[in-house]
DNA sequence: CTTGCATAGTAAACGGTGTTAACGCACCTA
DNA sequence: TAGGTGCGTTAACACCGTTTACTATGCAAG
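Chains as they are written, first to last, in this note's numbering: chain Y, 1 to 241; chain Z, 1 to 241.
Next comes the structure, spelled out in C-alpha cells:
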C-alpha cells in the first residue's frame, strides 16, 4: 500500500475518515446545544466540553463559530429538502397531491424542529453569518424550491389553472425573475408566479406558527393551514374533498 | 410644595423625569447598536459606554438585558402599529384602499428597518426572552392586527366578498378562534378567515424579502408584492387598476 | 437646618464567551 | 529512522452579563 489507492477513486485515508467523523460529531453537538438551549447556547467551549476536548481544537475543523453554524445550517437545509422531496414522492402521481404532501411535509418538519427552522429561515444574524448571502444556482433556497417548482410545472403541462393575465405578469414580474430563470431554467411565467405566491404563503403560515405569531388569534394553526392548503389546491384545479 | 401635586394628576417629579429620560436614552442606545451591529451587538457594557456610564448602572433601570430587549421590542411594535395605522388613515374612506395602504405601510417600515423587523417578527430567541409568550387581549400581535381587522370588517359590512363556504369554516376553523373572539370581539367568520389568510400572506412576503429569502429567485421583491396586493384586493372586490 | 434615607452611580469580581499564540505529541511518509 | 504534518493542549486577551459592596447625591421630613 505504498501510494496506490486500493479501493475507490477517493480512497479516504484513515486520517480523512477520522476527520470527517470529528466534523460530524462537532456538528451534532452544535445541533444538540441549539435544540436544547437556542442559538445563544451554541458555543465552541460547550461543544468541546461535550466531546471531551478543548475549544481551540475545533479551529482545526472550522475557522470560526460562524462558519460552524453556517455548515450546520447547510446540513439542516439538506435534511429539510430531503424530507420535502420524500413526502412528495410518497404521494403518488397526482401533482396537486404531491404539492399538498410537500407542503404538509414542510410544515411537519418545521413544527418538529422549530429551532432548526429558525436557524434556516429566521432572522439572518450578522454574527451567525449572513446566510442567504450567496445567490447562485446552488443557493439553498433554489435547491429547496426545485421540487415544488417541478410539481407545479408537471401540473401546468397536464392541466393549466387560472392565473392573472399573462401580459400583466410579463410586464410587472418578468423583468425581475432572471435569477429564477438562471437557476431553474426557463419556465412559463404562470408557473413561476404561482410558485412564488404559493411558496410565500406557505412560508408565512409556517413561520408564523413556528414563531408563535398566531397564538393570540388561533389555538390550532394546523386548522388554518389545512384550510389554506385546500383553498390553494382548489384554485389549482384539484377536487375539493 | 410639601406634598401636593401642583399641575397634573401624575405630576412627574424631577427625579421621575430624569429617570424616564435615562430609560429612553438606554433604549435609544440599544436600538442604535441593534441597527448597526445586529442583535449580538446589543450589550449592556456597550450601551453604558456610549452613555458615559458603567454597565451595572443599567440594572437600576432594567432587571436584565433580556428585559431591556423586550421593552425595546414593545416600543418597536408600537412604532410599527402607529405607522400602519397612519398609512391606513391617510388612504381615504375606501376600505380596500385602506387595506392596500396599510399593507404597503407594513412592508415599507419593515424594509426600512430590517433588523427591528427581525427582533419583532423573527426567530424567538430564548435568550432574548420569548416574545409572543403572553397571549392576552393586549398581545402585541392583537394590537397590531386590529387596524387590519377593522378595515376588513368595514369592507364586509359595506360589500361582502366571496369566501370559502361558511359551514366549512365554522366546522374547521371556528372551534380554534377563541383567542381572536376574546381579543377582538365577535366577528363574522368570513372576516376572521380572510384577515388571517391575508395577514399570513403579507407576513410571508415581507419576511421573505427582509430575510433575503427571495433573492435567489427575484431581484425586485416589490414587484411580486404589488402583484400579490392587487390580486388579493381584486378578490375582495376592488376594481383592478 | 439638620438628620436620614432612597436613588443612582461606582469599582471589583465571578464565570462565561470567541479567538489567538505557543507548544507538544502522535502518526504517516519518505 | 528522521522529519513534517495534523491534532490536540495550555495560557492568555478582550469581551460579555451579572452580583456584591460601597459611595456620593439630592430630596424630604423632623
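In this text, a Cβ means the ideal position worked out from N, Cα and C, and glycines have one as well. Keep in mind it's a predicted model, so treat the numbers as computed, not measured.
(request) Let me know the alpha helix (DSSP H) ranges lying completely inside the segment 5-79 of chain Y, each 4 residues or longer, listed in chain order. (result) 14-37, 44-51
(request) Measure the C-alpha to C-alpha separation of residue 233 (chain Y) and residue 194 (chain Z) and round it to an integer number of angstroms. (result) 17 angstroms
(message) Rounded to the nearest angstrom, what separates residue 18 (chain Y) and residue 61 (chain Y) at their Cα positions?
(response) 12 angstroms
(message) So that I know if they touch, is there some Cβ in chain Z lying closer than 9 angstroms to that of residue 178 (chain Y)?
(response) yes
(request) Note down, in chain order, all residues in the segment 39-56 of chain Z with a beta-carbon under 9 angstroms from any beta-carbon belonging to chain Y. (result) 39, 40, 41
(message) Strictly under 9 angstroms for the Cβ-Cβ distance: is residue 96 (chain Z) near chain Y by that measure?
(response) Taking Cβ atoms only, chain Y never reaches closer than 9 angstroms to residue 96 (chain Z), which makes this a no.
(request) Determine, using beta carbons only, whether residue 218 (chain Y) comes closer than 9 angstroms to chain Z. (result) At least one CB atom of chain Z sits nearer than 9 angstroms to the CB of residue 218 (chain Y).
(request) Mind listing the chain Z neighbours of residue 172 (chain Y)? Cutoff is C-beta to C-beta under 8 angstroms, in chain order. (result) What residue 172 (chain Y) touches in chain Z, judged by beta-carbon distance under 8 angstroms, is 223, 226, 227, going in chain order.
(message) For the pair the segment 145-165 of chain Z and the segment 181-193 of chain Z, tell me if three or more CB-CB distances fall below 8 angstroms.
(response) yes
(request) Write down the C-beta distance between residue 100 (chain Y) and residue 161 (chain Y) rounded to the nearest angstrom, noting that I regard them as a contact closer than 8 angstroms. (result) So it is not a contact: roughly 14 angstroms between Cβ atoms.
(message) Is residue 75 (chain Z) close to chain Y? Criterion is C-beta to C-beta, closer than 9 angstroms.
(response) Contact of residue 75 (chain Z) with chain Y is not assigned, every C-beta pair being separated by 9 angstroms or more.
(message) Using the Cβ count rule (16 or more neighbours within 10 Å means buried), how would you classify residue 175 (chain Y)?
(response) exposed
(message) With distance defined between alpha-carbon atoms, name the residue in Z:153, Z:200, Z:210, Z:20 nearest to residue 95 (chain Z).
(response) Just measuring C-alpha positions, the residue of Z:153, Z:200, Z:210, Z:20 sitting nearest residue 95 (chain Z) is Z:153.
(request) Could you tell me whether the Cβ atoms of residue 243 (chain Z) and residue 122 (chain Y) are closer together than 9 angstroms? (result) The structure shown has nothing for residue 243 (chain Z), since chain Z only spans 1 to 241.
(message) Is there a C-beta anywhere in chain Y that falls below 9 angstroms from the one on residue 157 (chain Z)?
(response) no
(message) Which residue wins for smallest C-alpha separation from residue 120 (chain Z), given the options Z:91, Z:206, Z:235, Z:192?
(response) Z:206
(request) Check whether the segment 55-71 of chain Y touches the segment 20-40 of chain Y, taking contact to mean three or more Cβ pairs, one atom from each stretch, closer than 8 angstroms. (result) yes
(request) Give the interface partners of residue 203 (chain Z) over in chain Y, defined as CB-CB distance under 8 angstroms, in chain order. (result) 204, 207, 208, 213
(message) Rounded to whole angstroms, what is the Cα-Cα separation between residue 213 (chain Z) and residue 201 (chain Y)?
(response) 13 angstroms
(request) Figure out for me which residue from Z:196, Z:221, Z:216, Z:151 has the closest Cα to the Cα of residue 86 (chain Z). (result) Z:151
(message) Whole angstroms are fine: how far does the CA of residue 98 (chain Z) sit from the CA of residue 218 (chain Y)?
(response) 25 angstroms
(request) Quick one: list the residues of chain Y neighbouring residue 142 (chain Z), beta-carbon separation under 8 angstroms, in chain order. (result) 216, 217
(request) Note down the Cα distance separating residue 251 (chain Y) from residue 20 (chain Y), rounded to an integer number of angstroms. (result) The question about residue 251 (chain Y) has no answer, for chain Y in this structure spans 1 to 241.
(request) Helix, strand or coil for residue 90 (chain Y), going by three-state DSSP, please let me know. (result) coil
(message) Taking its Cβ as the centre, do 16 or more other Cβ atoms sit within 10 Å of residue 56 (chain Y), making it buried, or is it exposed?
(response) exposed
(message) Let me check understanding here. Comparing Cα to Cα, which of Y:77, Y:203, Y:34, Y:90 lies closest to residue 65 (chain Y)?
(response) Y:34
(message) Whole angstroms are fine: how far does the CA of residue 22 (chain Y) sit from the CA of residue 12 (chain Y)?
(response) Roughly 14 angstroms separates the two Cα atoms.
(message) If I follow the unbroken alpha helix (DSSP H) through residue 96 (chain Y), where does it start and stop?
(response) 95-112
(request) Mind checking which residues open and close the alpha helix (DSSP H) that includes residue 159 (chain Y)? (result) It is not in any alpha helix (DSSP H) - residue 159 (chain Y) carries neither H nor E in the DSSP assignment.
(message) Please classify residue 24 (chain Y) as buried or exposed, where buried requires at least 16 other C-beta atoms within 10 Å of its C-beta.
(response) exposed
(message) Tell me the residue span of the alpha helix (DSSP H) that contains residue 237 (chain Z).
(response) From DSSP, residue 237 (chain Z) is part of no alpha helix (DSSP H); its letter is neither H nor E.
(request) Taking residue 180 (chain Z) as part of the alpha helix (DSSP H), name the residues at either end of that continuous run. (result) Here the alpha helix (DSSP H) through residue 180 (chain Z) covers 178-184.
(message) Could you check whether the Cβ of residue 152 (chain Y) sits closer than 9 angstroms to any Cβ belonging to chain Z?
(response) For residue 152 (chain Y), the answer is no, since every Cβ of chain Z falls outside 9 angstroms of its Cβ.
(request) Check each residue of the segment 88-122 of chain Z: if its Cβ is closer than 9 angstroms to any Cβ of chain Y, include it; give the result in chain order. (result) 114, 115, 117, 118, 119, 121, 122
(message) Counting only Cβ pairs nearer than 9 angstroms, list the residues of chain Z close to residue 24 (chain Y).
(response) Those do not exist, as residue 24 (chain Y) stays about 25 angstroms from chain Z at its closest Cβ, beyond 9 angstroms.
(request) Under 8 angstroms by Cβ, that's how I've got residue 179 (chain Z) and residue 216 (chain Y) pegged, so tell me the actual separation to the nearest angstrom. (result) Rounded, the Cβ-Cβ distance is 6 angstroms, consistent with contact.
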